[in-house]
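One point on numbering: in my numbering, the residue at position 67 of the sequence shown is 47, and numbering is uninterrupted.
No residue lacks a Cβ here, since even glycine has one placed at the ideal position from N, Cα and C.
This report concerns only the one structure given below.
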Amino acid sequence: MAVCEMCGKDAYLSSVNVEGVELKVCPNCSKYGTKNPSLERRFNSRDRFKQDKSSNRQEVEWKIIENFSILLKKARDEKHFTQEQFAKFINERESVLQKWENGDLKPRIDVARKLEQILNLNLVVKDNKDTSEGDEDLTSNQKNKKAAEEFTLGDFIKIRKK
-19 MAVCEMCGKD AYLSSVNVEG VELKVCPNCS KYGTKNPSLE RRFNSRDRFK
31 QDKSSNRQEV EWKIIENFSI LLKKARDEKH FTQEQFAKFI NERESVLQKW
81 ENGDLKPRID VARKLEQILN LNLVVKDNKD TSEGDEDLTS NQKNKKAAEE
131 FTLGDFIKIR KK
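Right, here's the structure in full:
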């Protein structure tokens, strides 16, 4: 099973032509277009193959440590930089640096790595998650919430009444 491109539902998909665009949609959304039967089998078999292959793979995620703001402020003070000087040095806005130091905002991973090199700190750590185990831990209600957070094409399409 795969995710419908219109509503985001996890179902068996069929290839449908919706307003001139070929989409892989669930049976509920297929009523909004015309079916392309020749491609339907090809998509379903390809999706099954991808799921089997990816379920055994481990996904490595990078995560910024919890006490990032405290370490950043201490390291900046040890280098005798003001917030204004340090912001110019790393090519960021002073307000963004203030939010980092207050803990209101976390930098992107690439920016955190840049800060690691400048301040000689360890700010980014690996967060190993097995994709198949992570999905099994979620209840069906949590899976629906997770799917609802993601946008699909159906969120942007205005359906015309005929």
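*My understanding is that Lys79 touches Leu85, with C-beta atoms under 8 Å, so please give their C-beta distance in whole angstroms.*
For the purposes of this step, residue 79 is taken as residue 99 along the sequence shown, with counting starting at 1. For the purposes of this step, residue 85 is taken as residue 105 along the sequence shown, with counting starting at 1. Yes, Lys79 and Leu85 are in contact; Cβ-Cβ is about 4 Å, under 8 Å.
*What are the boundary residues of the alpha helix (DSSP H) that Ser49 is part of?*
Residue mapping note: residue 49 aligns to position 69 of the sequence shown, counting from 1. Per DSSP, the unbroken alpha helix (DSSP H) holding Ser49 starts and ends at Phe48 to Glu58.
*Would you tell me roughly how many angstroms separate the C-alpha atoms of Ile45 and Asp135, rounded to the nearest one?*
Your numbering for residue 45 matches position 65 in the sequence shown. Your numbering for residue 135 matches position 155 in the sequence shown. Cα-Cα distance, rounded: 34 Å.
_Taking a contact to mean a Cβ-Cβ separation below 8 Å, would you say Met(-14) touches Cys9 in this structure?_
Looking up residue -14 in the sequence shown gives position 6. Looking up residue 9 in the sequence shown gives position 29. Yes, these two residues count as a Cβ contact at 8 Å.
*Closer than 8 Å by C-beta to Glu2: which residues in its own chain qualify, once you throw out the five before and the five after it? Chain order, please.*
Counting from 1 along the sequence shown, the entry for residue 2 is found at position 22. Same-chain partners within the cutoff: Ser(-5), Val(-4), Asn16 and Leu19.
*Do you know how far the Cα of Val105 is from the Cα of Lys65?*
To locate residue 65, count along the sequence shown from 1; it is residue 85. To locate residue 105, count along the sequence shown from 1; it is residue 125. According to the sequence provided, residue 65 is Gln. The question's Lys does not apply to it. If you draw a straight line from the Cα of Gln65 to the Cα of Val105, it is about 27 Å long.
*What are the partner residues of Asp(-10), as DSSP defines its beta bridges?*
Sequence index remark: in the sequence shown, residue -10 carries index 10 (1-based). Beta-bridge pairing by DSSP links Asp(-10) to Val(-17).
_Gly134, DSSP secondary structure in three states_ = Taking the sequence shown and counting its residues from 1, one reaches residue 134 at position 154. Gly134 falls in the helix class under three-state DSSP.
*Can you grab the Cα-Cα spacing for the pair Ser49 / Val40, in whole Å?*
For the purposes of this step, residue 49 is taken as residue 69 along the sequence shown, with counting starting at 1. For the purposes of this step, residue 40 is taken as residue 60 along the sequence shown, with counting starting at 1. Rounded to whole angstroms, Ser49 and Val40 show a C-alpha spacing of 24 Å.
*Apart from the five residues on each side of it in sequence, which residues of its chain come closer than 6 Å, Cβ to Cβ, to Lys(-11)?*
Locating residue -11 in the sequence shown gives position 9, counting from the first residue. Cys6, listed in sequence order.
*asked:* Taking CB distances under 8 Å as the criterion, tell me whether Ser(-6) reaches chain D.
replied: Reference to chain D is not applicable here, since this structure consists of a single protein chain.
*Leu3, DSSP secondary structure in three states*: Residue mapping note: residue 3 aligns to position 23 of the sequence shown, counting from 1. Here Leu3 carries a strand assignment [DSSP, helix/strand/coil].
*State the beta-bridge partners of Thr62 as determined by DSSP.*
For the purposes of this step, residue 62 is identified with residue 82 of the sequence shown, where counting begins at 1. Thr62 pairs with nothing; no bridge assigned.
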